Structure formats: C-alpha cells, structure tokens
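In mature numbering (1 follows the signal peptide of the UniProt record, and there is no 0), the protein residues as written are -21 to -1, 1 to 328.
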C-alpha cells in the first residue's frame, strides 16, 4: 500500500503543472490529466513536468516492511520497499499481486483476513496481532506529515526571500536618491568653484576646453553648434562676462573658420559700475608647443546693445569675430594637446 501511495504522490507532483503552463499546440487526440481535481487536457506526455526533487525526497523516506508484524527485520527507504516486498518471505505474495482497488478496499481487507483465519493453511505467528492496516496508516500519516512540514518550510523560505528582496530594493532606491543628491551638490560646488576662479582672474582668464574632439564633432553634426565658457570678471568687483566659441563656424564661416565672441552677464556689482562697458579686449587661442598664438583685438563700441547693462541672464547680443581662425590651422599638437584647447581673454582699460 505504501508503494501505491508513493506512486499516487508522484502522479500528483508530475501533473500538478500539466496544461496550466503548457497548452497543447497540435490538433491530435487530447488526453485528460489523470489528477482527479484537474479538468485540463494536453496533447502529449512531453508536456508533463515531473518533480524529480520531490520524487527523490519521498523515495528517501524510511519505512518498515509490511511483514514487520510477522518478525520481518527489514527497514529501509521507500524507494527500495517494492523490490524487498517481491523477495520478502514474511509477505503473502497473493496479497501483494492483487488489484490496487481491491487491496485498498476496507471490506476486501476484512474479507481477506477472515479467509486467512479460516483457511487450512492459515497459522497466526506467535505474538502477531492483526494490525497491518493500522501500521500502514501510521506510516502514511508520517509521510503526509513530512510533506506538510517540507511545504511549510519552503513557504517560510519563500516569504523570507521576499522580505530580503524588498529590503534590498528599498536600500537600492535610498542609495540612488543619495547619489542623485550628491551629484546635485557636486554640480553646485563646481559652479561655485568656476565663479570663484572667474572672480580671481583680474582681467585675464584662460578657458580650458578639455573635450575638444567631442565638441568639434557636435558642432559639425549640429548637436551643439556653440559652447559657452564659465563666467569670469574683469576684476574682483568688475564686469561679468563669458565667451562663446563655434568650433565649426557660423554664417558664412561654417566649415572654414572658428568663431569667437564675448557676452555680458548680470553681475553682483553692476549698480556701481560705469555703463556702457568700454575697454580693449584681446582674444587668443594659445599655442601649447610654442609662442605662435592666434589672437585678435576687439575694441568695444558703447552704442552697441552688446555692451549695455545686461537685463537677461545672458545678453544674446554677443560681440566678436565670425572668422577668428581658420579651422585647418587648429591642429594637434600645436593648438590641441591631449584633447585640450586653450582660449584666453584679456581686458585692458
């Protein structure tokens, strides 16, 4: 009976995922799932998925021979029970080979025992009580209890894993927020550092372009045709400006000349400065291998809007040179070194 109970458990485990996970795809004969509670049908046995792990667990359960009450000393795994029963001298072979339906029937068990009592060949072994069905029921209950414990243990492990995953997900989200906030703080500090550098330049500022090749390619493709420098001042309490460079040119100089301009920016001390802005400005692209700098002088024109008191965050009216330097002249390693281009601003009263 234990062997047949084992086979029934295998059947349940084998067909528990029969067609809910794999529907038949052909138009051949349909076979009904052998599990009583399952009404699904499938196309072939290849769509069934046995639970081999559970099968090994069940086969490893330790059981006794059904002839234990007749002094059979055998004890072993459930997987070895069937082979032992075929050879055990304490087990009635006729009972072993009878149909499962009759063997599992309580009335049949009673009739069988009664026939064995009254038959001519029946001899009750000394000290043996007729408790075979109870012994089998006890072993079945042990197996059922073990399966229940295993299922509960697996459910607890699953719940614990879900809790761990939820905790890790929350930790990742928290770290992502911290990284984002740190990035914002870093940007603010970098901008503040640029401002401090611009205040300390005292009328002479060098713009270090560290990604020349990328900016040049962006200008050619049209992704970003112009780039602006960090802000700087003519003195610690002076005018605030920035430079604009077009590495692939603008207007008639596209593809031929680098264009370079200056723009006025609102400063902290504009109210105590003289407007319009006046003076002489020298713009240069520095030679990093010698003294052959490319430079041009710009004289301010007070009547132009470019030099009036700025009212917008960036005065759109820039002033400079559409044809500052031929593009083919700006080459490595003279003017571009380690992907760096240096542009210089100098202010003179």
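Backbone N, C-alpha and C define an ideal beta-carbon position, used for all residues, glycine too. Just so we're clear, the structure is a prediction, and the values are computed from it rather than from any experiment.
Beta carbon proximity, residue i to chain B, threshold 8 Å
{"i": "residue 219", "result": "Protein chain content of the structure displayed is limited to a single chain, and chain B is not contained in it."}
Best match in the options for proximity to residue i [C-alpha to C-alpha]
{"i": "residue 187", "options": "216, 53, 145, 316", "result": "316"}
{"i": "residue 210", "options": "244, 190, 56, 282", "result": "244"}
{"i": "residue 204", "options": "212, 257, 193, 36", "result": "193"}
{"i": "residue 290", "options": "327, 254, 51, 140", "result": "254"}
{"i": "residue 284", "options": "273, 201, 272, 298", "result": "298"}
Neighbour-count burial assignment, residue i, 16 or more Cβ in a 10 Å radius
{"i": "residue 227", "result": "buried"}
{"i": "residue 222", "result": "buried"}
{"i": "residue 265", "result": "buried"}
{"i": "residue 242", "result": "buried"}
{"i": "residue 304", "result": "buried"}
{"i": "residue 212", "result": "buried"}
{"i": "residue 246", "result": "buried"}
{"i": "residue 60", "result": "buried"}
{"i": "residue 46", "result": "buried"}
{"i": "residue 278", "result": "exposed"}
{"i": "residue 208", "result": "buried"}
{"i": "residue 147", "result": "exposed"}
{"i": "residue 168", "result": "exposed"}
Pair within 8 Å by beta-carbon distance, residue i and residue j
{"i": "residue 56", "j": "residue 31", "result": "no"}
{"i": "residue 321", "j": "residue 275", "result": "no"}
{"i": "residue 262", "j": "residue 324", "result": "yes"}
{"i": "residue 308", "j": "residue 260", "result": "no"}
{"i": "residue 54", "j": "residue 43", "result": "yes"}
{"i": "residue 196", "j": "residue 224", "result": "no"}
{"i": "residue 282", "j": "residue 256", "result": "no"}
{"i": "residue 232", "j": "residue 301", "result": "yes"}
{"i": "residue 236", "j": "residue 318", "result": "no"}
Pairwise C-alpha distance: residue j and residue i
{"i": "residue 130", "j": "residue 144", "result": "21 Å"}
{"i": "residue 164", "j": "residue 294", "result": "27 Å"}
{"i": "residue 306", "j": "residue 214", "result": "32 Å"}
{"i": "residue 198", "j": "residue 220", "result": "23 Å"}
{"i": "residue 280", "j": "residue 153", "result": "55 Å"}
{"i": "residue 230", "j": "residue 238", "result": "10 Å"}
{"i": "residue 127", "j": "residue 151", "result": "36 Å"}
{"i": "residue 258", "j": "residue 181", "result": "14 Å"}
{"i": "residue 314", "j": "residue 157", "result": "41 Å"}
{"i": "residue 138", "j": "residue 62", "result": "40 Å"}
{"i": "residue 189", "j": "residue 312", "result": "14 Å"}
{"i": "residue 140", "j": "residue 119", "result": "32 Å"}
{"i": "residue 66", "j": "residue 48", "result": "17 Å"}
{"i": "residue 240", "j": "residue 286", "result": "13 Å"}
{"i": "residue 50", "j": "residue 134", "result": "41 Å"}
{"i": "residue 116", "j": "residue 132", "result": "24 Å"}
{"i": "residue 142", "j": "residue 155", "result": "20 Å"}
{"i": "residue 250", "j": "residue 292", "result": "16 Å"}
{"i": "residue 271", "j": "residue 159", "result": "44 Å"}
{"i": "residue 183", "j": "residue 328", "result": "12 Å"}
{"i": "residue 248", "j": "residue 149", "result": "48 Å"}
{"i": "residue 64", "j": "residue 70", "result": "7 Å"}
{"i": "residue 122", "j": "residue 68", "result": "26 Å"}
{"i": "residue 125", "j": "residue 162", "result": "55 Å"}
{"i": "residue 216", "j": "residue 185", "result": "19 Å"}
{"i": "residue 296", "j": "residue 288", "result": "12 Å"}
{"i": "residue 36", "j": "residue 136", "result": "18 Å"}
{"i": "residue 310", "j": "residue 234", "result": "15 Å"}
Assigned secondary structure, residue i (DSSP; H/G/I helix, E/B strand, else coil)
{"i": "residue 41", "result": "strand"}
{"i": "residue 148", "result": "helix"}
{"i": "residue 275", "result": "strand"}
{"i": "residue 206", "result": "strand"}
{"i": "residue 232", "result": "helix"}
{"i": "residue 69", "result": "coil"}
{"i": "residue 58", "result": "helix"}
{"i": "residue 53", "result": "coil"}
{"i": "residue 283", "result": "coil"}
{"i": "residue 139", "result": "helix"}
{"i": "residue 189", "result": "coil"}
{"i": "residue 216", "result": "coil"}
{"i": "residue 328", "result": "coil"}
{"i": "residue 291", "result": "coil"}
{"i": "residue 259", "result": "strand"}
{"i": "residue 304", "result": "strand"}
{"i": "residue 314", "result": "coil"}
{"i": "residue 264", "result": "strand"}
{"i": "residue 309", "result": "coil"}
{"i": "residue 168", "result": "helix"}
{"i": "residue 85", "result": "The predicted model places residue 85 with a pLDDT of 42, which falls under 50 and marks its position as unreliable; any figure quoted below should be read in that light. Residue 85: helix per DSSP, three-state reduction."}
{"i": "residue 162", "result": "helix"}
Contact test: residue i Cβ vs the ligand MG heavy atom, cutoff 7 Å
{"i": "residue 129", "result": "No copy of the ligand MG appears in this structure; indeed no ligand is present at all."}
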